[in-house]
DNA sequence: CGGCATCCGGGAAGATACTG
DNA sequence: CAGTATCTTCCCGGATGCCG
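Protein chains in written order, with the working numbering: chain H, 24 to 239; chain Z, 24 to 239.
Written as structure tokens, this is what we have:
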């Protein structure tokens with residue numbers, strides 16, 4: 024379905040202006056954030072974005088489809104359900120999301136008591152991963168955050184995160200999304216339950232460094 | 024004047040969600056872009072953002088003031104006019120703007136025939152500056168794009184751009200904003216008039232490299 | 001004239017209900 | 001489960017007017 028261009032375009036060839044035409048509508052960036060780690064169903068997205076209404080989600084997804092950011096596809100039988108998936112180019116917005124998110128966290132108005140989203144914390148792992156500290160390390164880590172499962176692969180100083188079963192991981196962290204922040208960024212190892220190879224798990228928790236709070 | 028929080032907040036501690044609360048409203052990022060290279064008057068901003076209405080500009084500026092992104096100050100006499108100026112933290116959004124803009128330029132929908140804004144091209148210089156190519160180079164370059172003047176300082180592989188008089192520059196480029204794109208990124212040296220030290224000017228034009236268009 | 005405030009119309013987003 | 005449909009609210013854009 025073709026959705027009419029929702030907001031008037033800016034008369035400006037600037038990349039920033041065009042970015043706003045692509046992803047500037049309300050909820051847009053948060054929908055993309057939810058798609059960073061793999062395809063998702065409509066109801067998953069709705070559940071993970073508390074406050075979004077079905078009609079707005081429908082709009083954002085079909086606009087993104089028109090704009091080449093998202094693809095809608097049907098999983099093979101027996102699943103046979105529709106999923107939404109970011110395109111290659113759509114996924115490339117990750118770097119901008121990370122930069123923007125890190126900037127915003129320095130706001131005096133940031134309210135860290137709000138609920139923490141699973142995709143958000145998994146993205147923060149990528150944002151604050153220190154590839155120097157990961158030299159010579161290679162492992163698969165599982166994360167079980169409520170119902171949601173993620174697999175993190177570290178290799179050659181690179182980190183990769185995707186949704187998927189945690190079985191087969193060298194070590195698995197289980198708990199609430201906030202626990203990830205506690206363990207990786209605040210050195211509180213008990214905020215998540217750890218199973219599997221403890222040495223690998225411990226070493227992994229040391230691979231993150233938060234940027235110094237700017238003097239401002 | 025205190026402006027009531029315009030849009031309901033997202034119930035999400037994620038940095039991206041907070042970024043949207045800070046700068047997600049229409050025209051917001053473009054207003055900030057205009058403030059990247061120095062303080063500006065209300066009427067300057069209005070003139071440089073064709074299509075924005077005074078009331079929306081008023082809103083964005085006072086919201087940004089409330090949020091600590093922008094400061095309003097009065098220039099010393101004899102000027103004695105009000106100017107809007109990005110705070111330190113506000114200026115730090117530059118990196119996110121560059122990442123986002125470069126991403127958006129890869130859109131198949133990008134229309135490069137639209138008018139080009141002076142701040143936009145000056146920002147593109149920072150975005151595509153290759154510090155390796157600038158090793159051992161030190162100069163002040165002037166840019167006269169219509170009425171607007173910018174000074175670029177290159178030193179120790181760093182580039183700095185601000186609004187200001189071009190007098191005292193080692194070399195000065197004069198022409199339309201599009202000319203900057205032609206000269207620096209497309210190797211068309213005649214798209215701008217050059218005065219001053221030609222060797223410095225030529226060398227400067229070689230210091231930019233556009234990222235390869237992603238395969239997509 | 002610069003720097004807004006105000007009023008109005010259109011349209012996007014929110015709330016809720018409903019359907020295949 | 002995956003969306004529509006409808007109604008309401010409120011932001012944005014455009015015009016106009018005020019005021020130092």
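Beta carbons are placed, not taken as given, at the ideal position from N, Cα and C, and that holds for glycine.
Minimum length 4: unbroken alpha helix (DSSP H) runs contained in the region 177-213 of chain Z: 200-208
Would you mind telling me which residues of chain H sit closer than 9 Å to residue 67/Z, beta carbon to beta carbon, in chain order? Working through the second chain from its first residue, we reach residue 67/Z at position 44. Result: empty, since nearest Cβ-Cβ is about 16 Å, beyond 9 Å.
Out of 48/H, 226/H, 233/H and 44/H, state which residue places its alpha-carbon closest to the alpha-carbon of residue 133/Z. Taking the second chain and counting its residues from 1, one reaches residue 133/Z at position 110. Taking only the C-alpha atoms, the option nearest residue 133/Z is 44/H.
If you draw a straight line from the C-alpha of residue 201/Z to the C-alpha of residue 144/Z, how long is it? Within the second chain, numbered from 1, the residue matching residue 201/Z stands at position 178. Within the second chain, numbered from 1, the residue matching residue 144/Z stands at position 121. Computed Cα separation, rounded: 8 Å.
Assuming residue 119/H and residue 36/Z are in contact, meaning their beta carbons sit under 8 Å apart, how far apart are those beta carbons, in whole angstroms? Residue numbering aside, residue 119/H sits at position 96 when the first chain is read from its first letter. Residue numbering aside, residue 36/Z sits at position 13 when the second chain is read from its first letter. Incorrect: roughly 20 Å between the Cβ atoms, too far for contact.
Pull up the distance between the alpha-carbon of residue 151/H and that of residue 234/H, whole angstroms please. Your numbering for residue 151/H matches position 128 in the first chain. Your numbering for residue 234/H matches position 211 in the first chain. If I take the Cα positions, the gap works out to 8 Å.
Beta-bridge partners of residue 105/Z, as assigned by DSSP: If you number the second chain from 1, residue 105/Z lands on position 82. BP columns for residue 105/Z point to 97/Z.
If you measure from the CB of residue 123/H, is any heavy atom of the ligand HEM nearer than 8 Å? Absent from the structure shown: the ligand HEM. Ligands present: none.
Proximal residues of chain Z, C-beta to C-beta of residue 90/H below 9 Å: The residue labelled residue 90/H in the question sits at position 67 within the first chain. Chain Z residues near residue 90/H: 130, 131 and 132.
Can you find at least 3 beta carbon pairs, one from the region 71-78 of chain H and one from the region 167-182 of chain Z, that sit closer than 8 Å? no
If distances are taken between C-alpha atoms only, which option among 32/Z, 223/Z and 91/Z comes closest to residue 159/Z? Along the second chain, one-based indexing puts residue 159/Z at 136. The shortest Cα separation from residue 159/Z among 32/Z, 223/Z and 91/Z belongs to 223/Z.
Could you check which residue in 108/H, 104/H, 148/H and 110/H has the C-alpha nearest to that of residue 125/H? For the purposes of this step, residue 125/H is identified with residue 102 of the first chain, where counting begins at 1. Looking at the Cα atoms, 148/H is the closest of the given residues.
Residue 114/Z: which of 98/Z, 46/Z, 206/Z and 172/Z sits nearest, CA to CA? Numbered from its first residue, the second chain carries residue 114/Z at position 91. When the alpha-carbon of residue 114/Z is set against those of 98/Z, 46/Z, 206/Z and 172/Z, the nearest one is in 46/Z.
Just the C-alpha distance for residue 186/Z and residue 55/Z, rounded to the nearest angstrom, thanks. By 1-based counting over the second chain, the position of residue 186/Z is 163. By 1-based counting over the second chain, the position of residue 55/Z is 32. Straight-line Cα distance between these residues: approximately 15 Å.
Residue 130/Z versus 141/H, 91/H and 109/H, residue with shortest Cα-Cα distance: For the purposes of this step, residue 130/Z is identified with residue 107 of the second chain, where counting begins at 1. Of 141/H, 91/H and 109/H, the residue nearest in Cα terms is 91/H.
In the structure shown, what three-state DSSP assignment does residue 217/Z receive? The count along the second chain starts at 1 and reaches residue 217/Z at position 194. If DSSP states are grouped into helix, strand and coil, residue 217/Z belongs with the strands.
Counting only beta-carbon separations shorter than 9 Å, does residue 73/H have a partner in chain Z? The count along the first chain starts at 1 and reaches residue 73/H at position 50. By this cut-off, residue 73/H is an interface position.
Pull up the DSSP beta-bridge partners for residue 40/Z, would you. Here residue 40/Z refers to the residue found at position 17 when the second chain is read from its first residue. For residue 40/Z, which the question treats as bridged, DSSP gives no partner whatsoever.
Confirm, please, whether the CB-CB distance from residue 116/Z to residue 59/H is below 9 Å. Counting from one through the first chain, the residue named residue 59/H turns up at place 36. Counting from one through the second chain, the residue named residue 116/Z turns up at place 93. No, they are not a contact pair.
Are the C-beta atoms of residue 231/Z and some chain H residue less than 9 Å apart? By one-based count along the second chain, residue 231/Z stands at place 208. No, no contact with chain H.
Going by CA-CA distance only, name the one from 198/Z, 77/Z, 203/Z and 165/Z that's closest to residue 190/Z. On the second chain, position 167 is the one that residue 190/Z refers to. If we check each option's Cα against that of residue 190/Z, 165/Z comes out closest.
Using three-state DSSP, classify residue 155/Z as helix, strand or coil. As a first step, residue 155/Z must be located in the second chain, where it is residue number 132. Coil.
Could you work out which residue in 61/Z, 53/Z and 42/Z is closest to residue 171/Z when comparing CA atoms only? The residue labelled residue 171/Z in the question sits at position 148 within the second chain. Ranking 61/Z, 53/Z and 42/Z by Cα distance to residue 171/Z puts 61/Z first.
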